[in-house]
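Enquirer:
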Amino acid sequence: MIRNPLEWVSEALVTVTTIPVLAMMVHVTLDVVLKYTVNTPIQGTLEVTAYYYMVAIVVLPMGFVELTRQSIAVELFYQMMSPRMQVAVVGFVLLLSAIGYGGVAWISWPDAIKAFERKEIVMGAVRVYIWPARFLLPCAMMLAAAVCLMLFARLLFKPRARAELTAVHTADIDHGAD
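FYI, the numbering for the sequence shown is 37 to 214, going by my numbering.
Have a look at this one:
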């Protein structure tokens, strides 16, 4: 099956997200070890963790979360609705999500441009350039918005996709041995 570019990028970013996760683990662990063994912590660890690692870990997988429909959902009344109403609800949620993600991208893009123009830094024990990280949020949110719009189009025009998008996904909970 041929994947479209939105699917490919969303899936690739989940894999790419392992890099900041691993880098943060090594960086923070090394910082703690050096701090308590030779009293020499790594300067800028807090800034790099807050402005790079954490932001990347949170926003890069958003397109994949929407693609796989794994965002938080409360299905209290959804299961009692007719199939046609379920399609309407899923469509409404996809459009609302696309508007929300697009709005965040729209609002954060000018801030990223300003940060780039100023070559934004944060001053701590060392100078850390943070302007590149400012582009993660608008780019990831625009991808998530595009994924929501793609899913909405599938909901409207592909009956098989409609069935998949409206299916209730229940968590399998292991209650231990019987």
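Glycine residues also receive a C-beta, built at the ideal position from the N, C-alpha and C atoms.
Identify the continuous beta strand (DSSP E) that holds residue 159 and give its terminal residues.
Expert: 157-159
Enquirer: With distances taken from CA atoms, which of 93, 62, 145 is nearest residue 78?
Expert: 62
Enquirer: Rounded to a whole number of angstroms, what is the C-alpha to C-alpha distance between residue 58 and residue 118?
Expert: 45 Å
Enquirer: Expressed to the nearest angstrom, what Euclidean distance is found between the alpha-carbon atoms of residue 81 and residue 172?
Expert: 19 Å
Enquirer: Taking the continuous beta strand (DSSP E) assigned at residue 163, which residues delimit it?
Expert: Unbroken beta strand (DSSP E) run through residue 163: 163-165.
Enquirer: For my contact list, residue 165 and residue 155 are in at a C-beta cut-off of 8 Å; report their separation, rounded to the angstrom.
Expert: 7 Å
Enquirer: Taking the alpha helix (DSSP H) that residue 177 belongs to, which residues open and close that run?
Expert: 172-193
Enquirer: Residue 176 and residue 49 - do their beta-carbons sit closer together than 9 Å?
Expert: Contact flag set, yes.
Enquirer: For the structure I just gave you, are there three or more beta carbon pairs, one from the region 102-117 and one from the region 64-76, closer than 8 Å?
Expert: no
Enquirer: Which of helix, strand or coil does DSSP assign to residue 49?
Expert: helix
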